[in-house]
Amino acid sequence: MYKNTTALSVAISLALGTAAVAPLAAQAEEQQVEQLQKMKVTGSRISTTDMEGPNPVDVYTADDIAKMGAVSVDDVLRGLTQNGAGSYGSSFTNSFAAGTSGVSLRGLGASRTLVLLNGRRVANYAFAQNLNDTFVDLNSIPLSAVERIDVLKDGASAIYGSDAIGGVVNVILKRDYEGFDVRLNGGQTSYSDGEDLDVTLTGGKTFNDATNIMASLNVVQKGNIMMKDRPNTKTADHSSQGGYDWRSSAGTPGRVYKEDGTWESLCTGGSAECNYNYNEEIAMIPESDRYNFLTSLNHQLNEDTNLFAELSLNRVESTTISAPTPDFQNVTISKDNPNNTYGEDVTMRHRILEAGNRINEITTDSIRVVAGAEGYANWFDTDVDWTADAGYHYTETENVGKNYLTIAGYQAAIDSGAYNPFVTNNPSSSLDGARVETKRKGESKLGFINAGASFPVFELSGGDAYVAVGGEFRYEAGSDTPDASVEANQIVGSGGTSSDGDRTVFAGYVELVAPVIEEVEVQLAGRAEHYSDFGSAFSPKVAVRYQPMDEVLFRASYSHGFKAPTLPEVNAGASTSYQTLYDPQTDTRGQYRVVSQGNKDLDAETAQSFNIGTVIEPLEDLSVKVDYFYIVNDDKIDTLGAQKLIDENSPNVVRKANGDIDYILDEYVNVAKQQVSGIDSEVKYDLSTDSYGDFLVKLAGTYNIEYKQSDSDGNLEDYIGTYFGGPRFKGKATLGYGYEDFAFTNIVNYTHSYDTRYETAEHSEVDALTTWDTQLAYTGIENATIAVGIRNVTDELAPFYNEAEGYHFAFHDNTGRFYYLQLEYGF
103 MYKNTTALSV AISLALGTAA VAPLAAQAEE QQVEQLQKMK VTGSRISTTD
153 MEGPNPVDVY TADDIAKMGA VSVDDVLRGL TQNGAGSYGS SFTNSFAAGT
203 SGVSLRGLGA SRTLVLLNGR RVANYAFAQN LNDTFVDLNS IPLSAVERID
253 VLKDGASAIY GSDAIGGVVN VILKRDYEGF DVRLNGGQTS YSDGEDLDVT
303 LTGGKTFNDA TNIMASLNVV QKGNIMMKDR PNTKTADHSS QGGYDWRSSA
353 GTPGRVYKED GTWESLCTGG SAECNYNYNE EIAMIPESDR YNFLTSLNHQ
403 LNEDTNLFAE LSLNRVESTT ISAPTPDFQN VTISKDNPNN TYGEDVTMRH
453 RILEAGNRIN EITTDSIRVV AGAEGYANWF DTDVDWTADA GYHYTETENV
503 GKNYLTIAGY QAAIDSGAYN PFVTNNPSSS LDGARVETKR KGESKLGFIN
553 AGASFPVFEL SGGDAYVAVG GEFRYEAGSD TPDASVEANQ IVGSGGTSSD
603 GDRTVFAGYV ELVAPVIEEV EVQLAGRAEH YSDFGSAFSP KVAVRYQPMD
653 EVLFRASYSH GFKAPTLPEV NAGASTSYQT LYDPQTDTRG QYRVVSQGNK
703 DLDAETAQSF NIGTVIEPLE DLSVKVDYFY IVNDDKIDTL GAQKLIDENS
753 PNVVRKANGD IDYILDEYVN VAKQQVSGID SEVKYDLSTD SYGDFLVKLA
803 GTYNIEYKQS DSDGNLEDYI GTYFGGPRFK GKATLGYGYE DFAFTNIVNY
853 THSYDTRYET AEHSEVDALT TWDTQLAYTG IENATIAVGI RNVTDELAPF
903 YNEAEGYHFA FHDNTGRFYY LQLEYGF
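Quick note on the numbering used here: the sequence shown kicks off at 103 and runs consecutively.
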């Protein structure tokens, strides 16, 4: 039940060129077997029979995923030991792209991990994270339709182009499905929240031995989890744990700022009593509903040609909950105001509880269609494997915000005396004239045409050398349009900036796989691209696979890669903030206007990647993998920071005639550098016996050696083992046992400790975390599978991290113990 079909010994027996000394009849038979078993492996466009190639690829099958108890692609990828800093899950609700999830291989950021669907690009989420980082929302991919997930742990711009600096995640969907399948997953936490209900109907049929049609409908409903319902996040005051009190100074009834520059607390117990615990009102994980429909058609036109088409429709509805709007001195209370007893104009910091919790209802709709043909042909006496396809992916997201207030309406309610900010018993209706629904709309579009072919070019002593050539055209567009009132900073406690841009991309690639001798295979690849907005890029790669004996394989690769500037980084409109800065020219410290915007003169980020590793199979059922990686990311796009621009007397510091600063333009520039290295390792023992069942022991881990980031002066600082660079080690152990109709799986996840951001005498390190997942599956009923499981059996909550949330959402999950039941029946 646990037997691995991709053992190295099988791969070796099917390797290219091994039949060179066989008799002619045997050669013909083996060539037929080889043609049947050839497949494209992520990281190459040339089909192969080798299960282990020159590039490190981890494969997670549908069976592997089921044993995890996962209900989303995010659940699968967040458990990767290579997933690090810059990733985020659905719990990252206090963000510019709330309720989404993105994967960040090697901790380089979600925009530097390329996510593919069936080997093709997909449209980014309509809203960029942090206003500039575009990414693919993993929640938009229905897990129920996934056949397998390939994770390429190497730079791959030479094969796939931009963004593949940290690696590639290639999600392969089911096709050529036969029969009908009903799947039901359900569960909830031991805290009686976070309910999951996942229903999937999948059917497929082949007609006339030539045409297969498959369709899948998936509905997922997920309940929310409030921060107040977990003991480690119920308050933002972490002083009892040796941390800071992160409660907001905009509390209730609040503080009054007077003309002499002093504050007066309206709280009888002093200023601290006015601090507001917003954690009580925030949804840690939002309520969401996902609807996915997928259908595919495969038609065997003749023995050499296959036509295919895919259509997917997707809707995601999520609701985030935040605390009521704070008033950070947004309005002035006139001395003539009937409620003002101070005899002077004052401002306030207080929480406008009467407005109610801020609710954001986010709806994302997408449609993706792909059509193409693939096949074999004999052109110019050469056997050619060819493919051509075209597709279009459109995503639209709308965020409707409720219980927000206009500054003008809020000011009017105060001026009229209808709303008294000095007390806490105002009727909710006193703010009716200020309430407004805000709307933010985003669009993301991707159109593409691909064509490619692979064929043998010459024969070497190790076998035939193959070349793949092809071209690609893409059209990318994205827009993010907030309410005009939001962009003009006319909403209390809210702001935003618009972005609108598009571009075209032309690319051509060539790849050579050459078995130089029987033991050595070389991969050479290069890809040239031209972007209409920033220019051109060329990405070369060389990889070597050396197998001196059946049980031992060595591999190494070196490549150049790049990341094109994101559309928001190029096209974002101007946004204004006010920062406290020091001007040495006038010896003045004060608040200055800082303008941030896109930069149409940006260049691409560049990267160099090096990998070297080995795969050893000392026994038939035992394999050991070790891979070292080293990545340097240059010309990283970032902002310099307003203070540095002032210190360097930059021309971006615009001054008035008298020498005072008017404003600082802090636009995106190619300025930063990242450098990461580490070691991936895996030991797997997969034993099948006739009498005692099947046994699986798998130990996998990533040890991060360095995570260096340049500072504002260009100096590299190592952040490994810190809140910024991530833990030095992440590991996963899988223990499985199968006997007759039962399968028992246990997964232990480990995340090492790391330094916190804000150190105190009592707290300087975030503790290590170990969690245990378990599942028991039964297949004794014909065509049915029943599984019960627990994720996080011992109910380990995320370790304390000294920031407001109380835990680091990029490295930890705070759901707690989760019980689930899986039912599947096919006929």
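Every residue gets a Cβ at the ideal spot worked out from N, C-alpha and C, and that includes glycine. Given the structure is predicted, the values throughout are model-derived calculations rather than measurements.
Cβ contact check for the segment 302-314 and the segment 910-922: 3 or more pairs under 8 angstroms: The segment 302-314, when compared against the segment 910-922, does not touch it at the 8 angstroms Cβ threshold.
Please state whether DSSP places residue 249 in a helix, a strand or coil. Taking the first residue of the sequence shown as position 1, residue 249 is located at position 147. Three-state result, residue 249: strand.
Exposure label - residue 361; buried when at least 16 CB within 10 Å: Mapped onto the sequence shown, residue 361 falls at position 259. Exposed.
Tell me which residues share the same chain as residue 442 and place their Cβ nearer than 6 angstroms to its Cβ, disregarding the 5 neighbours each side in the sequence. In the sequence shown, counting from the first residue as 1, residue 442 sits at position 340. Excluding five sequence positions before and after residue 442, the CB atoms of its chain that fall closer than 6 angstroms to its own CB belong to 435, given in chain order.
If contact is defined by three or more beta carbon pairs under 8 angstroms, each pair taking one atom from either stretch, is the segment 567-584 in contact with the segment 540-547? With the rule of 3 Cβ pairs closer than 8 angstroms, the segment 540-547 counts as touching the segment 567-584.
Do residue 703 and residue 737 have their beta-carbon atoms positioned less than 8 angstroms apart in this structure? Your numbering for residue 737 matches position 635 in the sequence shown. Your numbering for residue 703 matches position 601 in the sequence shown. Cβ atoms of residue 737 and residue 703: not closer than 8 angstroms.
Does the Cβ of residue 470 have 16 or more other Cβ atoms within 10 Å, making it buried, or fewer, making it exposed? Within the sequence shown, residue 470 is the residue found at index 368, counting from 1. So residue 470 ends up on the buried side.
Run of the beta strand (DSSP E) containing residue 634, from where it starts to where it stops: Looking up residue 634 in the sequence shown gives position 532. It is not in any beta strand (DSSP E) - residue 634 carries neither H nor E in the DSSP assignment.
So does the segment 384-401 actually touch the segment 414-427, counting three or more Cβ pairs closer than 8 angstroms? With a cut-off of 8 angstroms, the segment 414-427 and the segment 384-401 count as touching, because enough Cβ pairs lie within range.
Residue 517 (DSSP reduced to helix, strand or coil): In the sequence shown, the residue the question calls residue 517 occupies position 415. Per DSSP, reduced to three states, the secondary structure at residue 517 is helical.
Kindly give me the distance between the Cβ atoms of residue 612 and residue 569, rounded to whole angstroms, as I take these residues to be in contact under 8 angstroms. For the purposes of this step, residue 612 is taken as the residue at position 510 of the sequence shown. For the purposes of this step, residue 569 is taken as the residue at position 467 of the sequence shown. 7 angstroms between Cβ atoms; contact.
Alpha carbon to alpha carbon, what distance is there between residue 293 and residue 331? In the sequence shown, the residue the question calls residue 331 occupies position 229. In the sequence shown, the residue the question calls residue 293 occupies position 191. Approximately 8 angstroms, taken between the alpha carbons.
Look up residue 877 in the DSSP assignment and say whether it is helix, strand or coil. In the sequence shown, counting from the first residue as 1, residue 877 sits at position 775. Correct three-state label for residue 877: strand.
Minimum length 3: unbroken beta strand (DSSP E) runs contained in the segment 761-831: With a minimum length of 3 residues, the unbroken runs of beta strand (DSSP E) contained wholly in the segment 761-831 fall at 763-767, 771-790, 796-812, 818-820.
Look up residue 695 in the DSSP assignment and say whether it is helix, strand or coil. Residue 695 sits at position 593 when you count from the first residue of the sequence shown. Strand at residue 695.
Which parts of the segment 211-265 are runs of the beta strand (DSSP E), unbroken and 3 residues or longer, counting only runs that do not cross its ends? Note on the segment 211-265: whole beta strand (DSSP E) runs with a minimum of 3 residues are 215-219, 248-254, in chain order.
Residue 409 in three-state terms, based on DSSP: Position 307 of the sequence shown, counted from the start, is the residue given in the question as residue 409. Secondary structure of residue 409 (DSSP, three-state): strand.
Taking the alpha carbon of residue 601 as the point to measure from, which residue in 547, 673, 156, 594 has its own alpha carbon closest? By one-based count along the sequence shown, residue 601 stands at place 499. Closest option to residue 601, Cα to Cα, is 673.
Could you check which residue in 623, 537, 690, 635 has the C-alpha nearest to that of residue 657? One-based indexing of the sequence shown puts residue 657 at position 555. In this structure, 623 is the residue among 623, 537, 690, 635 with its C-alpha nearest to the C-alpha of residue 657.
From residue 254 to residue 830, what distance separates their C-alpha atoms? The count along the sequence shown starts at 1 and reaches residue 254 at position 152. The count along the sequence shown starts at 1 and reaches residue 830 at position 728. Rounded to whole angstroms, the separation of the alpha carbons of residue 830 and residue 254 is 21 angstroms.
Where residue 336 and residue 378 are concerned, what is the direct C-alpha to C-alpha distance, given to the nearest angstrom? Taking the first residue of the sequence shown as position 1, residue 336 is located at position 234. Taking the first residue of the sequence shown as position 1, residue 378 is located at position 276. One C-alpha to the other measures close to 12 angstroms.
As an exercise, report each continuous alpha helix (DSSP H) stretch of at least 4 residues that is fully enclosed by the segment 728-763, in chain order. Taken in chain order, the complete alpha helix (DSSP H) segments of 4 or more residues contained in the segment 728-763 are 744-749.
Whole-angstrom Cβ separation of residue 669 and residue 589, contact assumed at under 8 angstroms? For the purposes of this step, residue 669 is identified with residue 567 of the sequence shown, where counting begins at 1. For the purposes of this step, residue 589 is identified with residue 487 of the sequence shown, where counting begins at 1. Their Cβ separation, rounded to whole angstroms, is 18 angstroms, which puts residue 669 and residue 589 out of contact at 8 angstroms.
Run the CB neighbour count on residue 348, radius 10 Å, all protein chains shown included, and call it buried at 16 or more, exposed below. By one-based count along the sequence shown, residue 348 stands at place 246. Residue 348 comes out buried.
Return yes when at least one heavy atom of the ligand SAM lies under 7 angstroms from the C-beta of residue 350, else no. Annotation note on the ligand SAM: not contained in the displayed structure, which lists no ligands.
Under 8 angstroms by Cβ, that's how I've got residue 238 and residue 224 pegged, so tell me the actual separation to the nearest angstrom. As a position in the sequence shown, residue 238 is number 136, starting the count at 1. As a position in the sequence shown, residue 224 is number 122, starting the count at 1. That pair is a contact at about 6 angstroms.
Is there contact between the segment 629-636 and the segment 590-598, where contact requires at least three CB pairs shorter than 8 angstroms? Cβ pair count under 8 angstroms is below three, so no.
Using 8 angstroms as the cut-off, can you tell me whether the segment 263-277 makes contact with the segment 213-232, which would need three or more C-beta pairs spanning the two stretches below that distance? Taking a cut-off of 8 angstroms on C-beta distances, the segment 263-277 touches the segment 213-232, as three or more cross pairs fall below it.
Rounded separation between residue 96 and residue 460 - CA only: With the chain represented from 103 up to 929, any question about residue 96 goes unanswered, as that position is not in the structure.
First and last residue of the alpha helix (DSSP H) that includes residue 178? Counting from 1 along the sequence shown, the entry for residue 178 is found at position 76. Unbroken alpha helix (DSSP H) run through residue 178: 175-180.
Give the range of the alpha helix (DSSP H) segment to which residue 670 is assigned. As a first step, residue 670 is located in the sequence shown; it is residue number 568 there, counting from the start. 669-673 is the extent of the alpha helix (DSSP H) around residue 670.
Using only CA atoms, which one of 174, 742, 284, 291 lies nearest to residue 893? Your numbering for residue 893 matches position 791 in the sequence shown. The option with the nearest alpha carbon to residue 893 is 291.
Cβ separation of residue 186 and residue 206, assumed to be a contact under 8 angstroms, to the nearest whole Å: Taking the first residue of the sequence shown as 1, we reach residue 186 at position 84. Taking the first residue of the sequence shown as 1, we reach residue 206 at position 104. Contact flag correct, Cβ pair sits at about 6 angstroms.
Pull up the distance between the alpha-carbon of residue 924 and that of residue 879, whole angstroms please. Here residue 924 corresponds to residue number 822 of the sequence shown, with the count starting at 1. Here residue 879 corresponds to residue number 777 of the sequence shown, with the count starting at 1. Their Cα atoms are separated by approximately 9 angstroms.
For residue 920 versus residue 289, is the C-beta spacing smaller than 8 angstroms? Residue mapping note: residue 920 aligns to position 818 of the sequence shown, counting from 1. Residue mapping note: residue 289 aligns to position 187 of the sequence shown, counting from 1. For residue 920 and residue 289, yes; Cβs fall inside 8 angstroms.
Strictly by DSSP, which residues pair up with residue 854? Along the sequence shown, read from residue 1 onward, the residue named residue 854 stands at position 752. In DSSP, residue 854 forms no bridge with anything.
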